[in-house]
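Numbering (my numbering), first residue to last: 591 to 715.
No residue lacks a Cβ here, since even glycine has one placed at the ideal position from N, Cα and C.
Scroll down for the structure; my scribbles are underneath it.
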């Protein structure tokens, strides 16, 4: 199994589409982390980039994220990637918590697209 985490520095980036990079964790059947790698983040919004298909090609089946808009959630779930939102903290600790069953989806999306707040997209939202 592979788990992807939007990362800035060493912590989960609260805005999926603007992270520095993705940390990909490879996990064995005994739920041990066996490998980590980083994947550069495409510029722009997560919902309009091809990141969901790239993650799928890399074998990712789970995304542990801070917040994300409904568009990004849809493109990831369309690739059969399970998304858990509301994650915070150091990326490896969050993944270890998820593997122990301590991380649940907050169900809370990002609504910056609707508010016109600090979210800067070039695709007309």
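Which first and last residues belong to the beta strand (DSSP E) in which residue i is found?
i	result
residue 598	592-598
residue 673	672-674
residue 639	Counting along the chain, residue 639 falls outside any beta strand (DSSP E), and DSSP gives it neither H nor E.
residue 627	623-630
residue 650	650-654
residue 614	611-617
Span of the alpha helix (DSSP H) holding residue i?
i	result
residue 686	681-689
residue 665	660-668
Do you know how far the Cα of residue j is from the Cα of residue i?
i	j	result
residue 674	residue 644	18 Å
residue 668	residue 617	22 Å
residue 650	residue 613	11 Å
residue 718	residue 624	No information on residue 718 is available, as it lies outside the stretch 591 to 715 that the chain covers here.
residue 600	residue 689	19 Å
residue 619	residue 647	20 Å
residue 710	residue 640	Residue placement at residue 710 is flagged as unreliable, the pLDDT there being 35, under the threshold of 50; a coordinate-derived value is accordingly withheld.
Among the options, which one has its Cα closest to the Cα of residue i?
i	options	result
residue 676	655, 688, 685, 659	655
residue 681	639, 627, 591	627
residue 659	607, 603, 611, 691	607
Let me know if residue i comes out buried or exposed under the rule of 16 or more other beta-carbons within 10 Å of its beta-carbon.
i	result
residue 615	buried
residue 596	buried
Keeping to the same chain, check which residues put their C-beta closer than 8 Å to that of residue i; ignore five residues upstream and five downstream.
i	result
residue 672	651, 652, 653
State yes or no: is the C-beta of residue i nearer than 7 Å to some heavy atom of the ligand MG?
i	result
residue 664	Absence of the ligand MG from the depicted structure is noted, as is the absence of any ligand whatsoever, leaving it without description.
Could you tell me whether the Cβ of residue i comes closer than 8 Å to any Cβ of chain D?
i	result
residue 612	In the structure shown, chain D cannot be found, because there is only a single protein chain.
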